[in-house]
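In what follows, a structure is listed as structure tokens, so that the remarks can point back to it.
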Amino acid sequence: MRILLVISFLIFSLSSAAQNGKPEDYLSSEFHQSRRDALREKMPENSVAVFFANAVRNRANDVDYVYHQDPDFYYLTGYKEPHAVLVIFSEEQTDAEGNRYDEILYVQEKNPRAEMWTGYRLGIEGAKEELGFETVYNGKDFLDNSIDFAEFETVFHKPFMNDYRDTRDEADLADLIAAFKDQVSEKVIVQNNSENNLELNKQVTTKPKANVDQNSLRTFMGSLREIKTPEEMKLLKKAVRISAMGQVEVMKAMHPGMSETEVQGIHEYVYKKYGSEYEGYPSIVGAGNNGCVLHYVENSKTKLEDDLVLMDLGAEYHGYTADVTRTIPANGKFSPEQKAIYELVYKAQEAGIAAATVGNSPADTHKAGQVIINQGLAELGIIDSPDAKHMYFPHGTSHHIGLDVHDLNTWGSFKPDMVITVEPGIYIPEGSDCDQKWWGIAVRIEDDILITENGPVNLSAEAPRKAEEIEKMMQQPSIFDKLDLPELD
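FYI, in mature numbering (1 follows the signal peptide of the UniProt record, and there is no 0) the residues of the sequence shown are -18 to -1, 1 to 471.
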């Protein structure tokens, strides 16, 4: 009895300690329940939707990356652990004991020894208490073929990723997916009549036992996630503001002797200071010609010198990620050529933001900026005419943000409470077919824009955009000015 009491106390202590001091502004269980209900309304009669948690991804040898939940799974459950399954039914079901339910969450089993190494697990009771689910089982129960998917008119699931590992753990993601595949299809031996090779006479294929749809969930989920609820908006606005503050502090701190990595570090310090758990995507800090690589993440240049520095970074706050870009002169002053390109991109962005209105689409924000960039490049003599084909503006202008930096959506017209980016850019790499004075100049300006009935709202406006405002901010003292670490050999 004493041993049992000690074990119980240890488990309780581990649970309590894990919860102690955590932020209190996560999405509520009511939010996640409302999202499941909203999805259920989109599902046809006699259908079921099956979602799997994200895979644990390996970095190298026996070291894994920090776990990141599948955004759809998190959106619907709030569950942050791997090796889990969510099943949502279009109508209420009844089991053999008469229990009624319309959703089931399968979770990792509690395991004090494993939790000592890799962290607290909610388990069945925790999922009920913290996430608000009524019907919760351990993952092992999903392996027992407890659901007859053949009874449903349609079984929805997303295409499976191919990067999950089969570990030694029972009911890991590999086991859960294998069990599901067995439940919706069966192996069939097909006789091959070819006599060329008797060993190839028998081939194994699969025959569906249920009507599986791997495409519609993306549309269903996109239609939900593209419109941000008030709870989501609160978190997303905080992520954006943290990101803008990072840009401001770097403007104050930057000098030509800094490295790209040091600039990245200041941004990410600000993120941590304000409670951002992660970066929403790999940080991009490109000085000079490095900025011409759209997704440059090496960030290895040791001195910025007098280059323009393109900084595309975003804080992730409780799952929601911002996406803010500023381009600033390392020495605090734009050269005439740098300023000419910067002003052109700024005008293009202003036009793009103005086009971010209800009823328009990403095509409209892109076209608005593209016309200005083409005309401006021609006037500067960088291209022959506004109609000339070129690669100086090679990307689109807008995408949604949210739980993904390129957030799920339906690619339709803008609606109120969508949040998009507007990010035109001009990139003139060394060796371009223009005067060498333009070579190595890269400018992108990106802001996060809330669509409203009354017009666009720039959520990241705290980070200066106008050239003169940037130069003024760069003259301000920085908290990092007095940071003087010793030299290393």
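All C-beta atoms, glycine included, are put in the ideal place defined by N, C-alpha and C. Here the structure is a predicted model, which is why all the values come from computation and not from measurement.
Proximity of residue i and residue j at Cβ, strictly below 8 angstroms
i           : j           : result
residue 396 : residue 339 : yes
residue 424 : residue 273 : yes
residue 287 : residue 267 : no
residue 383 : residue 305 : yes
residue 328 : residue 408 : no
residue 302 : residue 214 : yes
residue 67  : residue 139 : no
residue 257 : residue 5   : yes
residue 291 : residue 236 : yes
residue 60  : residue 21  : no
residue 420 : residue 319 : yes
residue 406 : residue 337 : no
residue 83  : residue 75  : yes
residue 153 : residue 277 : no
residue 43  : residue 134 : no
residue 165 : residue 197 : no
residue 307 : residue 344 : no
residue 39  : residue 145 : yes
Rounded separation between residue i and residue j - CA only
i           : j           : result
residue 400 : residue 381 : 10 angstroms
residue 388 : residue 230 : 24 angstroms
residue 30  : residue 116 : 18 angstroms
residue 439 : residue 131 : 46 angstroms
residue 157 : residue 121 : 9 angstroms
residue 247 : residue 323 : 27 angstroms
residue 352 : residue 73  : 49 angstroms
residue 172 : residue 205 : Low confidence applies to residue 172: its pLDDT is 49, below 50, so where it sits in the model is not reliable enough to give any reading.
residue 244 : residue 191 : 56 angstroms
residue 170 : residue 136 : Per-residue confidence for residue 170 stands at a pLDDT of 48, beneath the threshold of 50, marking its modelled position as unreliable; the derived number appears in the next sentence. The straight-line gap from Cα to Cα measures roughly 22 angstroms.
residue 271 : residue 410 : 8 angstroms
residue 90  : residue 212 : 31 angstroms
residue 463 : residue 218 : 30 angstroms
residue 452 : residue 102 : 45 angstroms
residue 385 : residue 63  : 16 angstroms
residue 465 : residue 448 : 28 angstroms
residue 201 : residue 391 : 8 angstroms
residue 467 : residue 461 : 14 angstroms
residue 99  : residue 254 : 24 angstroms
residue 504 : residue 355 : No answer is possible for residue 504: it lies beyond the span of the chain, which begins at -18 and ends at 471.
residue 414 : residue 376 : 14 angstroms
residue 57  : residue 51  : 10 angstroms
residue 8   : residue 216 : 10 angstroms
residue 316 : residue 49  : 42 angstroms
residue -1  : residue 123 : Model confidence at residue -1 stands at a pLDDT of 47, short of 50, so the residue's coordinates are unreliable; what they give is reported in the following sentence. Computed Cα separation, rounded: 26 angstroms.
residue 294 : residue 471 : 32 angstroms
residue 208 : residue 85  : 24 angstroms
residue 119 : residue 269 : 52 angstroms
residue 342 : residue 238 : 42 angstroms
residue 472 : residue 422 : Residue numbering for the chain in the displayed model covers -18 to 471; residue 472 lies beyond these limits and cannot be assessed.
residue 141 : residue 163 : 12 angstroms
residue 403 : residue 77  : 47 angstroms
residue 412 : residue 374 : 12 angstroms
Residue span of the alpha helix (DSSP H) that contains residue i, given as start and end
i           : result
residue 87  : Unbroken run through residue 87 is the beta strand (DSSP E), 82 to 89; no alpha helix (DSSP H).
residue 293 : Per DSSP, residue 293 belongs to no alpha helix (DSSP H); it is in the beta strand (DSSP E), 290 to 295.
residue 474 : What is shown of the chain runs -18 to 471, which leaves residue 474 out entirely.
residue 267 : No alpha helix (DSSP H) contains residue 267, which is instead part of the beta strand (DSSP E) from 266 to 269.
residue 315 : Taken as a continuous stretch (DSSP letters only), residue 315 belongs to no alpha helix (DSSP H), as it is neither H nor E.
residue 215 : 212 to 235
residue 96  : 94 to 100
residue 53  : 53 to 59
residue 198 : 198 to 207
Extent of the continuous beta strand (DSSP E) to which residue i belongs
i           : result
residue 138 : 136 to 139
residue 311 : 306 to 311
residue 18  : From DSSP, residue 18 is part of no beta strand (DSSP E) but of the alpha helix (DSSP H) over 11 to 24.
residue 256 : Run containing residue 256: none; DSSP gives neither H nor E here.
residue 68  : 67 to 76
residue 32  : 29 to 34
residue 42  : 40 to 42
Cβ-Cβ separation, residue j to residue i (assumed contact under 8 angstroms), whole Å
i           : j           : result
residue 298 : residue 259 : 6 angstroms
residue 358 : residue 347 : That pair is no contact at about 17 angstroms.
residue 222 : residue 441 : 4 angstroms
residue 71  : residue 55  : That pair is no contact at about 17 angstroms.
residue 233 : residue 455 : 4 angstroms
residue 398 : residue 364 : Not confirmed; about 39 angstroms, so no contact.
residue 37  : residue 155 : 6 angstroms
residue 129 : residue 69  : 7 angstroms
beta-carbon residue i near the ligand NAP non-hydrogen atom, thresh 7 angstroms
i           : result
residue 324 : Judged by which ligands are present, the structure shown has none, so any question about the ligand NAP falls away.
For the segment 383 to 456, list the beta strand (DSSP E) runs that are entirely contained and at least 3 residues long, ordered along the chain.
-> The segment 383 to 456 contains these whole beta strand (DSSP E) runs: 401 to 404, 407 to 410, 423 to 426, 429 to 432.
request  = Could you tell me which uninterrupted alpha helix (DSSP H) segments, each at least 4 residues in length, are contained entirely in the segment 105 to 171, listed from first to last along the chain?
outcome  = Whole alpha helix (DSSP H) segments, 4+ residues: 105 to 113, 121 to 124, 155 to 166.
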